[in-house]
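**Student:** Its first residue numbered 216, the sequence shown is counted upward by one per residue in this note's numbering.
A virtual CB, placed ideally from N, CA and C, is assigned to each residue, including glycine.
Being a predicted model, the structure only gives us computed values, none of them experimental.
Mind having a look at this structure? Questions to follow.
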Amino acid sequence: MSATQEFALVTGASKGIGLALARELARRGYHLALVSLPHEDLANTAESLRRETGKEVHFLEVNLAKEGGPERVYQWAQDLGLTVSVLINNAGFGQLGTFPEYDADFYLRMIKVNLEATVYLSHRFLESMRERNHGYILNLGSTASFLPVPYKSVYSSTKGFVYYFSRALQHELRRTGVHVCIVCPNAVITSETLRLRVEQVGWKARITSKEPDEVAVTALDGLFRKKRVIIPGWLNQVSIFVTKLLPTSNKMRFMEKQFLRNPVGDAKGDHFGQEQSVERISN
216 MSATQEFALV
226 TGASKGIGLA
236 LARELARRGY
246 HLALVSLPHE
256 DLANTAESLR
266 RETGKEVHFL
276 EVNLAKEGGP
286 ERVYQWAQDL
296 GLTVSVLINN
306 AGFGQLGTFP
316 EYDADFYLRM
326 IKVNLEATVY
336 LSHRFLESMR
346 ERNHGYILNL
356 GSTASFLPVP
366 YKSVYSSTKG
376 FVYYFSRALQ
386 HELRRTGVHV
396 CIVCPNAVIT
406 SETLRLRVEQ
416 VGWKARITSK
426 EPDEVAVTAL
436 DGLFRKKRVI
446 IPGWLNQVSI
456 FVTKLLPTSN
466 KMRFMEKQFL
476 RNPVGDAKGD
486 HFGQEQSVER
496 ISN
């Protein structure tokens, strides 16, 4: 189906992977509906994309962690009469530090954004996709989707949920014209500060990390080829395969040593995604 009159809706679209995905979707012929937090300069981003791509670009600033946030997104798209054929559930954030270091409200906001918004938006936009028998849903997972990660306990758990949710949904829809997949990147360099930190960690971090544009191209290539799981980078693919063979206790001890030896950023103030004021290596 031609993307001429079709929209791609991207959450967390003001920067990083979300912005890279939006730009690449416009390059592939889609008009854009962009969603991000307030005060993220989304209006200027949208105008820049209009000039750059010649596509129609709408935007909405909303905090998905607040009550009614995901509902606002769906109603906004309905009020504009947008035909959303591609839904990108990209918004999310996480933590690095021991579980007690963050208050309960922080974790509940994380669950709201990483899980509830993904489930709600997938459910609502899936209705019209099934009616048209055409559509794509791309969910942002992580290499943390495949194992429990100490010091990222809640974040890795949310990404595990997103992985299994995506796999189950794609199986349910396998005989329809709607495809669901999940992309699971490792470290993604979303600022010069993060680039410097990766350089400090060493060669393995350098060769396994990716630029947002790289992840966007790989993710959309896989989505439109109807792949089920996308892991950018051959070394990351090998690492995930190997970790599946190891006992869970061994995997957690290995990850614990990695974080204790190479703490990328502050454990207390270093998050990413939807709460961009404290951004770190995304997903």
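Judging by CA-CA distance, which residue of Val369, Leu438, Gly233, Tyr378 is the nearest neighbour of leucine 249?
**Tutor:** The residue labelled residue 249 in the question sits at position 34 within the sequence shown. Cα-wise, what sits closest to leucine 249 is Gly233.
**Student:** What is the rounded straight-line gap between the Cα of leucine 297 and the Cα of glycine 448?
**Tutor:** On the sequence shown, position 82 is the one that residue 297 refers to. On the sequence shown, position 233 is the one that residue 448 refers to. Their backbone Cα atoms lie some 34 Å apart in a straight line.
**Student:** Taking 7 Å as the limit between beta carbons, can you name the residues of its chain near threonine 373, skipping five residues before and five after?
**Tutor:** Residue numbering aside, residue 373 sits at position 158 when the sequence shown is read from its first letter. Here the set comprises Met325, Ile326, Asn329, Leu330.
**Student:** Inspect the beta-carbon positions of serine 251 and alanine 280 and report whether they are closer than 7 Å.
**Tutor:** In the sequence shown, residue 251 corresponds to position 36, counting from 1. In the sequence shown, residue 280 corresponds to position 65, counting from 1. The answer is no: Cβ separation not under 7 Å.
**Student:** Taking 7 Å as the cut-off, decide whether the C-beta atoms of alanine 434 and isoleucine 445 are in contact.
**Tutor:** Counted from its first residue, the sequence shown places residue 434 at position 219. Counted from its first residue, the sequence shown places residue 445 at position 230. For alanine 434 and isoleucine 445, yes; Cβs fall inside 7 Å.
**Student:** Does DSSP classify asparagine 259 as helix, strand or coil?
**Tutor:** As a position in the sequence shown, residue 259 is number 44, starting the count at 1. Residue state, collapsed to three classes: helix.
**Student:** Using a Cβ-Cβ cut-off of 8 Å (strictly less than) and excluding sequence neighbours within five positions of asparagine 278, which residues of its own chain qualify?
**Tutor:** As a working note, residue 278 is residue 63 in the sequence shown. Counting only Cβ-Cβ distances below 8 Å, and skipping sequence neighbours, we find Leu252, Pro253, Gly284, Gln489.
**Student:** Over the uninterrupted alpha helix (DSSP H) stretch that includes tyrosine 379, give me the two end residues.
**Tutor:** Taking the first residue of the sequence shown as position 1, residue 379 is located at position 164. Residues 368 to 387.
**Student:** Using three-state DSSP, classify alanine 306 as helix, strand or coil.
**Tutor:** As a first step, residue 306 is located in the sequence shown; it is residue number 91 there, counting from the start. Here alanine 306 sits in coil by DSSP.
**Student:** Work out the CA separation of leucine 264 and arginine 238 for me, nearest whole Å.
**Tutor:** Here residue 238 corresponds to residue number 23 of the sequence shown, with the count starting at 1. Here residue 264 corresponds to residue number 49 of the sequence shown, with the count starting at 1. One C-alpha to the other measures close to 7 Å.
**Student:** Excluding the 5 residues flanking alanine 235 on each side, which residues of the same chain have their C-beta closer than 6 Å to its C-beta?
**Tutor:** One-based indexing of the sequence shown puts residue 235 at position 20. For alanine 235, where only same-chain residues beyond five positions count, the Cβ hits under 6 Å are Pro427, Asp428, Ala431.
**Student:** Within a Cβ cutoff of 6 Å, which residues of the same chain sit near valine 272, ignoring the five residues on either side of it in sequence?
**Tutor:** For the purposes of this step, residue 272 is taken as the residue at position 57 of the sequence shown. Closer than 6 Å at the Cβ level, and outside the excluded window around valine 272, lie Leu247, Ala261, Leu264, Arg265.
**Student:** For isoleucine 303 and threonine 226, which I take to be in contact (beta-carbon distance under 8 Å), what is that distance rounded to the nearest angstrom?
**Tutor:** In the sequence shown, the residue the question calls residue 303 occupies position 88. In the sequence shown, the residue the question calls residue 226 occupies position 11. Between threonine 226 and isoleucine 303 the Cβ distance is about 7 Å, and since that is below 8 Å, they are a contact.
**Student:** Could you check what DSSP says for threonine 226 in three-state terms: helix, strand or coil?
**Tutor:** Taking the first residue of the sequence shown as position 1, residue 226 is located at position 11. Strand at threonine 226.
**Student:** Just confirm the distance between the C-beta atoms of asparagine 305 and leucine 336, as a whole number of angstroms; I'd bet it's less than 8 Å.
**Tutor:** Indexing the sequence shown from 1 puts residue 305 at position 90. Indexing the sequence shown from 1 puts residue 336 at position 121. Wrong, their Cβ atoms sit about 11 Å apart, outside the cutoff.
**Student:** Using the Cα positions of isoleucine 455 and asparagine 401, report the straight-line distance between them to the nearest angstrom.
**Tutor:** Walking along the sequence shown from the start, residue 455 turns up at place 240. Walking along the sequence shown from the start, residue 401 turns up at place 186. Straight-line Cα distance between these residues: approximately 10 Å.
**Student:** Between which two residues does the alpha helix (DSSP H) containing tyrosine 335 stretch?
**Tutor:** Here residue 335 refers to the residue found at position 120 when the sequence shown is read from its first residue. Where tyrosine 335 is concerned, the enclosing alpha helix (DSSP H) stretches over 333 to 347.
**Student:** Please list the terminal residues of the continuous alpha helix (DSSP H) segment that includes alanine 292.
**Tutor:** Here residue 292 refers to the residue found at position 77 when the sequence shown is read from its first residue. Element bounds for alanine 292: 284 to 295.
**Student:** At what residues does the alpha helix (DSSP H) containing glutamate 239 begin and finish?
**Tutor:** In the sequence shown, residue 239 corresponds to position 24, counting from 1. Where glutamate 239 is concerned, the enclosing alpha helix (DSSP H) stretches over 231 to 242.
**Student:** By Cβ distance below 7 Å, which residues in the same chain neighbour alanine 241 in space, the five residues on each side in sequence not counted?
**Tutor:** Taking the sequence shown and counting its residues from 1, the one referred to as residue 241 is at position 26. Closer than 7 Å at Cβ, skipping near neighbours: Leu247, Leu264, Thr268, Lys270.
**Student:** Would a check of beta-carbon distances place asparagine 329 closer than 7 Å to chain B?
**Tutor:** Going by chain labels, chain B is absent from the structure shown, which holds only one protein chain.
**Student:** For glycine 269, name the three-state secondary structure that DSSP assigns.
**Tutor:** Here residue 269 refers to the residue found at position 54 when the sequence shown is read from its first residue. In the structure shown, glycine 269 sits in coil (DSSP, three-state: anything other than H, G, I, E or B).
**Student:** Tell me, which residues are paired with tyrosine 245 by DSSP?
**Tutor:** Locating residue 245 in the sequence shown gives position 30, counting from the first residue. For tyrosine 245, which the question treats as bridged, DSSP gives no partner whatsoever.
**Student:** Is it buried or exposed, valine 395, if we count other Cβ atoms within 10 angstroms and call 16 or more buried?
**Tutor:** For the purposes of this step, residue 395 is taken as residue 180 along the sequence shown, with counting starting at 1. Its Cβ being crowded by 16 or more others within 10 Å, valine 395 is buried.
**Student:** Mind reading off the beta-carbon distance from proline 363 to methionine 467? Whole number of angstroms is fine, and I expect it under 8 Å.
**Tutor:** Residue 363 sits at position 148 when you count from the first residue of the sequence shown. Residue 467 sits at position 252 when you count from the first residue of the sequence shown. At roughly 6 Å, the Cβ-Cβ gap stays under 8 Å, so proline 363 and methionine 467 are in contact.
**Student:** Nearest-angstrom Cα distance between glycine 550 and lysine 442?
**Tutor:** A question about residue 550 goes unanswered here, because the residues of the chain that appear run from 216 up to 498.
**Student:** From Thr313, Val393, Phe380, pick the residue whose C-alpha is nearest to that of methionine 344; which is it?
**Tutor:** Position 129 of the sequence shown, counted from the first residue, corresponds to residue 344. Among Thr313, Val393, Phe380, the Cα nearest to that of methionine 344 belongs to Val393.
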